[in-house]
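Sequence order for the protein chains is A and B. Counting with the numbering used here, you get residues 1 to 616 for the letters of the first sequence. Counting with the numbering used here, you get residues 1 to 82 for the letters of the second sequence. Even glycine gets a Cβ: it sits at the ideal position worked out from N, Cα and C.
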Amino acid sequence: MIQTVSVAVVGNPNAGKSALFNALTGARQKVGNYPGVTVERHVGRATLPSGRPIELIDLPGTYSLAASSPDEAVTRDVLLGRQEGERLPEAIVIVVDASNLDNHLRFALQLIALGRPTVVALNMIDLAKRDGLELDPKRLEAELGVPVIETIAVRKRGLAPLLEALEGQLDCQRAVPGDALPPSEPIDLHRRAREVATAAVLRETPVRRITHRLDSVLLHPVAGPILLAAIMFVMFQAVFAWSAVPADALEAAVVAAGNWVGGVLPGGPLRSLVVDGIFAGVGAVIVFLPQIIILFLFILVLESSGYMVRAAFIMDRLMSSAGLSGRSFIPLLSSFACAVPGIMATRTIDNEKDRLTTILVAPLMTCSARLPVYALIIAAFIPARDALPGIGLQGLVLFILYISGIVSALIAALVIRRTKVRGSGGLFMMELPKYQMPRLKDVTIGLWQRALIFLKRAGTIILGTTIVLWALASYPQAGPGEKQSEVSIAGKIGSAIEVVVKPIGFNHDISLALLPTMAAREVAVSAIGTVYALDAGKSDQLQTLGERLAGRWSLATALAFLAWFVFAPQCISTIAITRRETNSWRWPGFMVGYLFALAYLAAGITYWTAVAFGLG
Amino acid sequence: MTETSLEALKVGVRARIDAIDWNLLDPACAGRLRDFGFDEGVSVESLHQGPFGRDPMAVRVGRMIVAIRRSHARAIRVKPAA
């Protein structure tokens, strides 16, 4: 059997590399991780015209082989055969943006000098034409000494000629030199790239590009920040407003399914496990799927349109006054979805101190796992009326919770930069790519992946902890006149925790939920759901959780619980990823310590204030 | 026209990079500037400025738009195109 040829897809950021990879491999791809680093590894299969299968590796975009951030280092190491667990790619597909030749050719020249069978994809040729640029691919081919194929990856144009050229290159045998870096002075390389680019450009007419026109509004000194604030505000309002109908339908379906299963199963422990454990617990979390999808929809669209980088541009000065840079804005905004990808996204920050500080404050960004907790408590305790005409009170409270997280993050960053992570700030220098219409297919794939991850979590971590909690909360059984949530093992553990959290207004139910919540924050909802379902016991009707809560908690307690969740680092995955990204236990330890302290204080102050105002 | 720095270049004015004072920049920053194509003879244009303290600034370098801070733009000497 012949081993499948492995081909690396390489290029500058924003060259359309991933689009080309997606077009070539279609659905036949796997997303994994490189060992030891949290850089995503995308591998897919394609077939050459002769029917020979090849394996394509999509490498992180980088500007040169002199890597300055961890993901750029992966690209370098894979190409030079130094990456552990990855074989040396036999051939290279270089993706260059046709309208940015002088820049992208510099890296291309470095790659061609590796001497491996190479093909250049002259990508986004349509956009180059739109920009008034006329190119001569044949001349470019002659200058570079490797085949140059015009492609439009997003429309799947030029793929067949590209694969054909690749096969041709593979067939003419060449020695693979291995891991020697070609000797090249960066300045010489640069000048050569410009020479080649100038030679390949036939005509260049300056056109006022659409990107420039959009930027003159979106980056306007006054309109820019206002638009950014408006976009964020709409995003958080939409999470509530748009999700109401699908979430209600989903909730009704879960309650109906629970009732039906409860009616079919014979009474006893099994029925209790299924109805009180699985349906009450996991069901309570699943109903938040619509809100999570809406949040990710906004983030994916902002990211793929090119706006996210503009947001970083607008925020840079403010972030630098907190000791961070605009670079930190994207990881922090991603942390609204989940701190884990957010912390992983910090690998694009080249300054080590900026990166560490960003990691340490990322958990203060309200992640989507907190959304179920916030949404449940807000729906149960905050009346659904308008605070101001057109602005819902519930959405406003949610917005305030998010803002508290952001403000605390900036303050925490400032304090951390002055105490634990001192030193000069990093540089802020980034490319502002052309605006692009987000493509429905890419956004759909992204949303589908997020939804799957969420459902998988619900099916594994949340289901698992819910079952364990159900068992601990069900045994020993309560006698007549006793409350199940107090007699059981879980009840006893809850009572022990209650001693610590009673001063900040937390009742027995909350104490009981705090421990399993470490597995994943949404478990707070499922845990409380299970406990109440067990207590309700005798009545077989499943009430919604919100209705049960409203009867048992004071408003002061509910508000304190919300304040706790703004800060509490209750997520094992975040702690684990921080350990992996900082390579020590010191920083995750520090993070957990300061966040718990803040959570305790914030919940306490909220509770005592609310009680003083007679809301206890 | 007289030589000035990229920082002082007015928005909308095209210029050519005359010299870059690499001594004013730390190595990481110098490397990045090179990565983005800043070099003598390259055409530049100041496009936009940040909302707070007019920092950072968006600059066209060749055919690419790059955001850089004023403190770095100061090290780049440019000659406005006539």
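Quiz item: When DSSP labels each residue in this structure, what does Gly50/B get in the three-state scheme?
Solution: Against the second sequence, residue 50/B aligns to sequence position 50. Three-state result, Gly50/B: strand.
Quiz item: Residue range of the beta strand (DSSP E) that Ala280/A falls in?
Solution: For the purposes of this step, residue 280/A is taken as residue 280 along the first sequence, with counting starting at 1. It is not in any beta strand (DSSP E) - Ala280/A carries neither H nor E in the DSSP assignment.
Practice problem: Consult DSSP for Leu122/A and reduce its assignment to one of helix, strand or coil. | Solution: As a first step, residue 122/A must be located in the first sequence, where it is residue number 122. It is a strand residue.
Quiz item: Within this structure, are the beta carbons of Gly342/A and Leu332/A separated by less than 9 Å?
Solution: On the first sequence, residue 342/A is found 342 positions in, with the first residue counted as 1. On the first sequence, residue 332/A is found 332 positions in, with the first residue counted as 1. Yes, the Cβ-Cβ distance between Gly342/A and Leu332/A is below 9 Å.
Self-check item: Short Cβ contact (9 Å threshold) for Ser68/A with Asp35/B
Solution: In the first sequence, the residue the question calls residue 68/A occupies position 68. In the second sequence, the residue the question calls residue 35/B occupies position 35. Cβ atoms of Ser68/A and Asp35/B: closer than 9 Å.
Quiz prompt | Three-state secondary structure assigned by DSSP to Ala312/A | solution = Your numbering for residue 312/A matches position 312 in the first sequence. Collapsing the DSSP output to three states places Ala312/A in a helix.
Practice problem: Kindly provide the ranges of any beta strand (DSSP E) runs that are 3 or more residues long and lie completely inside the stretch 417-474 of chain A, ordered along the chain. | Solution: Here the runs fully enclosed are 429-431.
Quiz item: What residues from chain B crowd round Ile314/A, counting only those whose CB sits closer than 8 Å?
Solution: The sequence position of residue 314/A within the first sequence is 314, counting from 1. Ordered by position in chain B, the residues that pass the 8 Å Cβ test against Ile314/A are Gly50 and Pro51.
Self-check item: Inter-stretch contact at 8 Å, needing at least 3 Cβ pairs: the stretch 600-613 of chain A / the stretch 53-72 of chain B
Solution: The stretch 600-613 of chain A, when compared against the stretch 53-72 of chain B, does not touch it at the 8 Å Cβ threshold.
Quiz item: Nearest to Arg209/A by alpha carbon, out of Arg157/A, Tyr435/A, Arg385/A and Trp553/A?
Solution: By 1-based counting over the first sequence, the position of residue 209/A is 209. Closest by alpha carbon: Tyr435/A.
Exercise. Can you tell me which of the three DSSP states Thr47/A falls into?
Key: In the first sequence, counting from the first residue as 1, residue 47/A sits at position 47. Three-state result, Thr47/A: strand.
Quiz item: How is Arg60/B classed by DSSP in three states: helix, strand or coil?
Solution: Within the second sequence, residue 60/B is the residue found at index 60, counting from 1. Here Arg60/B sits in strand by DSSP.
Quiz item: Leu202/A by DSSP, collapsed to three states: which one?
Solution: Locating residue 202/A in the first sequence gives position 202, counting from the first residue. Per DSSP, reduced to three states, the secondary structure at Leu202/A is strand.
Quiz item: Which ranges does the alpha helix (DSSP H) cover as unbroken runs of at least 4 residues, wholly within the stretch 52-97 of chain A, from first to last along the chain?
Solution: Along the stretch 52-97 of chain A, the alpha helix (DSSP H) occurs as fully enclosed runs of 4 or more residues at 70-79, listed in sequence order.
Quiz item: What is the DSSP secondary structure of Lys79/B, reduced to helix, strand or coil?
Solution: Working through the second sequence from its first residue, we reach residue 79/B at position 79. In the three-state DSSP reduction, Lys79/B falls in the strand class (E or B).
Practice problem: Give the interface partners of Arg203/A over in chain B, defined as CB-CB distance under 7 Å, in chain order. | Solution: Here residue 203/A refers to the residue found at position 203 of the first sequence. Neighbours of Arg203/A on chain B: none; closest Cβ ~14 Å, over 7 Å.
Quiz item: Given 8 Å as the limit, is there contact between the stretch 235-253 of chain A and the stretch 283-297 of chain A, that is, 3 or more CB pairs closer than that?
Solution: Verdict: yes, contact present.
Quiz item: Counting only beta-carbon atoms, is Asp136/A nearer than 9 Å to chain B?
Solution: By 1-based counting over the first sequence, the position of residue 136/A is 136. Nearest CB-CB separation between Asp136/A and chain B: not below the 9 Å threshold.
Practice problem: List the DSSP bridge partners of Gly11/A. | Solution: Within the first sequence, numbered from 1, the residue matching residue 11/A stands at position 11. Bridge pairing for Gly11/A: Val95/A [DSSP].
Quiz item: Rounded C-beta distance between Ala199/A and Glu134/A? I'm assuming under 8 Å.
Solution: If you number the first sequence from 1, residue 199/A lands on position 199. If you number the first sequence from 1, residue 134/A lands on position 134. 13 Å between Cβ atoms; not a contact.
Quiz item: The alpha helix (DSSP H) spanning Ile577/A covers which residue range?
Solution: As a first step, residue 577/A is located in the first sequence; it is residue number 577 there, counting from the start. First-last of the alpha helix (DSSP H) with Ile577/A: Ile572 to Thr582.
Quiz item: What residues in the stretch 5-16 of chain B have a beta carbon less than 7 Å from any beta carbon of chain A?
Solution: Only those residues of the stretch 5-16 of chain B whose C-beta falls short of 7 Å from the nearest C-beta of chain A would be listed, and there are none.
Quiz item: With a CB to CB cut of under 7 Å and the five nearest residues on each side skipped, what residues in its chain are close to Ala362/A?
Solution: What you label residue 362/A is simply residue 362 of the first sequence in a count that begins at 1. If we look at Ala362/A and ignore the five residues flanking it on each side, its Cβ neighbours are Pro331, Leu332, Ser335, Ala339, Gly342 and Ile343.
Practice problem: Have a look at Leu163/A and Asn123/A and give me their C-alpha separation to the nearest angstrom. | Solution: Stepping through the first sequence from its first residue, residue 163/A is reached at position 163. Stepping through the first sequence from its first residue, residue 123/A is reached at position 123. Rounded to the nearest angstrom, the two C-alpha atoms are 14 Å apart.
Quiz prompt | Collapsed DSSP secondary structure at Lys10/B in the structure displayed | solution = The residue you call residue 10/B lines up with position 10 of the second sequence. Coil at Lys10/B, not helix or strand.
Quiz prompt | Nearest residue (CA-CA) to Ala253/A, options Leu360/A, Val421/A and Ile286/A | solution = For the purposes of this step, residue 253/A is identified with residue 253 of the first sequence, where counting begins at 1. It is Ile286/A whose Cα lies nearest to the Cα of Ala253/A.
Practice problem: Spell out whether any CB of chain B is found under 9 Å from the CB atom of Tyr63/A. | Solution: Numbered from 1 along the first sequence, position 63 holds the residue referred to as residue 63/A. At least one C-beta of chain B is nearer than 9 Å to the C-beta of Tyr63/A.
Quiz item: To the nearest angstrom, how far is it from the Cα of Glu141/A to the Cα of Val148/A?
Solution: As a first step, residue 141/A must be located in the first sequence, where it is residue number 141. As a first step, residue 148/A must be located in the first sequence, where it is residue number 148. Roughly 5 Å separates the two Cα atoms.
Quiz item: Three-state secondary structure (DSSP) at Ala216/A?
Solution: The residue given as residue 216/A occupies position 216 in the first sequence. First, the amino acid is wrong: residue 216/A is Ser here, not Ala. Here Ser216/A carries a helix assignment [DSSP, helix/strand/coil].
Quiz item: What residues in its chain sit with their C-beta under 6 Å from that of Trp553/A, if we drop five residues either side in the sequence?
Solution: The residue labelled residue 553/A in the question sits at position 553 within the first sequence. No residues qualify anywhere along the chain.
Practice problem: May I ask you to report which of helix, strand or coil DSSP gives Gly604/A? | Solution: Here residue 604/A refers to the residue found at position 604 when the first sequence is read from its first residue. Judged by DSSP in its simplified three-state form, Gly604/A adopts helix.
Quiz item: Along the stretch 50-69 of chain B, what residues have a CB closer than 7 Å to any CB found in chain A?
Solution: From the stretch 50-69 of chain B, only Gly50, Pro51, Phe52, Gly53, Asp55, Pro56, Ala58, Gly62, Arg63, Met64, Ile65, Val66, Ala67, Ile68 and Arg69 have a Cβ closer than 7 Å to chain A.
Quiz item: Count the other CB atoms within 10 Å of the CB of Thr4/A; is the residue buried (16 or more) or exposed (fewer)?
Solution: Locating residue 4/A in the first sequence gives position 4, where the first residue counts as 1. Thr4/A comes out exposed.
Exercise. Return the first residue and the last residue of the alpha helix (DSSP H) that Ala257/A is part of.
Key: Numbered from its first residue, the first sequence carries residue 257/A at position 257. Looking at the DSSP string, the run of the alpha helix (DSSP H) that includes Ala257/A is Ala244 to Val264.
Exercise. My understanding is that Thr530/A touches Val255/A, with C-beta atoms under 8 Å, so please give their C-beta distance in whole angstroms.
Key: To locate residue 530/A, count along the first sequence from 1; it is residue 530. To locate residue 255/A, count along the first sequence from 1; it is residue 255. About 15 Å separates the CB atoms of Thr530/A and Val255/A; that is not less than 8 Å, and the two are not in contact.
Practice problem: State the beta-bridge partners of Ser19/B as determined by DSSP. | Solution: Translated into positions along the second sequence, residue 19/B becomes position 19. Here residue 19/B turns out to be Ala, not Ser, going by the sequence shown. Note: Ala19/B is bridge-paired with Arg77/B in the DSSP secondary-structure output.
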